[in-house]
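Each remark here refers to the structure printed beneath this line.
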Amino acid sequence: MHGLHKFLLLVLRRKMGHHAIIHGNKVSANSMLYMVSVQNNRGHICGGFLVREDFVVTAAHCNRDVVFGTHNLKNTDNGKRINIETRYKHPQFMSEGTGNDIMLLKLSKKVQLDNSAQTIHLPSSEMHINDNQQCRVAGWGYTRTNGNVVDDLRVVDVSIINPQVCKMEWDGLPANGDSGGPLVCNGIAVGVVSFNKYRNCNYPDVPNVYTDISKYLPTYRLLNQETYLANHVVALMAHA
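In full-length UniProt numbering, the protein residues as written are 1 to 240.
Structure (structure tokens):
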């Protein structure tokens, strides 16, 4: 499938299903302060992460307002809700499972970085991630099949599996994940949660798939330029 070479494929040490962190642990206070909740008028729909005071990275199939500065979605008074000014969705994105599942959200105002909200670093170049390397993923997703979104941010450890092994053992993975949140390895956001096998949180031992951020680095380097131009972002995304 076009674009699948831009995915990181992972097998989870602890299972994770549709918008789900299965058997994860509650995130401790004052950690993972880059996490945001992407919401619509019914509440949480996807995760995301703050990469600059006015930019959030999430999956291309996610977009609405963002809430940051809280680990508990009931405590939105403690968090801060910001409208999305502009959405920069990858122009070649079609649907989950077909590649290019990545999007920049330009916020309507800058987030004040403090003890409740911080950014996370992106890779400075294309990274090599070792087989079986331990990484982390967090979210507010379901904790069981047909469950509900949880209030408290949860985190789970995951292990990298070789993409060639995935292609041989699990050909064509149509699915969802705890969409939009970051895959974090050694403190760096290296992937964006895209999809996993079916919507059954208990589906055994199949990989979840993450968009490889390092493939899109030319786009994100523009975040550090004062003369940020939206059309340049779209052009670079189109050639990623």
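For each residue, glycine too, the CB sits at the ideal point set by N, CA and C. Keep in mind it's a predicted model, so treat the numbers as computed, not measured.
Grab the span of the beta strand (DSSP E) containing residue i for me, first residue to last.
i, result
"F93", "Per DSSP, F93 belongs to no beta strand (DSSP E) and is neither H nor E."
"Q39", "35 to 40"
"Q134", "134 to 139"
"H44", "43 to 52"
"P123", "No beta strand (DSSP E) holds P123; DSSP gives it neither H nor E."
"D157", "154 to 160"
"L105", "103 to 107"
"K80", "80 to 82"
"C185", "182 to 185"
Find the nearest neighbour of residue i within the set the options, judged by alpha-carbon distance.
i, options, result
"G99", "V51, I82, K89", "K89"
"S108", "Q39, V155, T86", "T86"
"L183", "L104, Q112, Q133", "Q133"
"H128", "N25, G191, H44", "G191"
"R52", "L217, Q112, R42", "Q112"
"Y34", "L104, G181, E126", "G181"
"Q39", "C62, D54, Q164, M32", "C62"
"V158", "D114, P91, V209", "V209"
"L105", "V66, G43, Q164, N41", "V66"
Since residue i and residue j should fall inside the 8 Å C-beta cutoff, what is the C-beta to C-beta distance between them, to a whole number of angstroms?
i, j, result
"F93", "A138", "Actually they do not touch by this definition, with Cβ atoms about 23 Å apart."
"S194", "P123", "In fact, because the Cβ distance is near 17 Å, the residues do not count as touching under 8 Å."
"A117", "H71", "Incorrect: roughly 11 Å between the Cβ atoms, too far for contact."
"A189", "I120", "5 Å"
Quick check: residue i and residue j, are their CB atoms within less than 9 Å of each other?
i, j, result
"residue 244", "F68", "The structure shown does not extend to residue 244, since the chain is modelled only from 1 to 240, so the question has no answer here."
"L217", "D151", "no"
"T211", "I102", "yes"
With a threshold of 7 Å on Cβ separation, who are the neighbours of residue i within its own chain once the five nearest residues in sequence on each side are excluded?
i, result
"V27", "H71, A138, L153, R154, V155"
"N25", "R154, V155"
"K110", "E53, D54"
Which residues in the same chain as residue i place their Cβ atom closer than 8 Å to its Cβ, once the five residues preceding and following it in sequence are excluded?
i, result
"E126", "S214, K215, L217"
"G187", "I120, H121"
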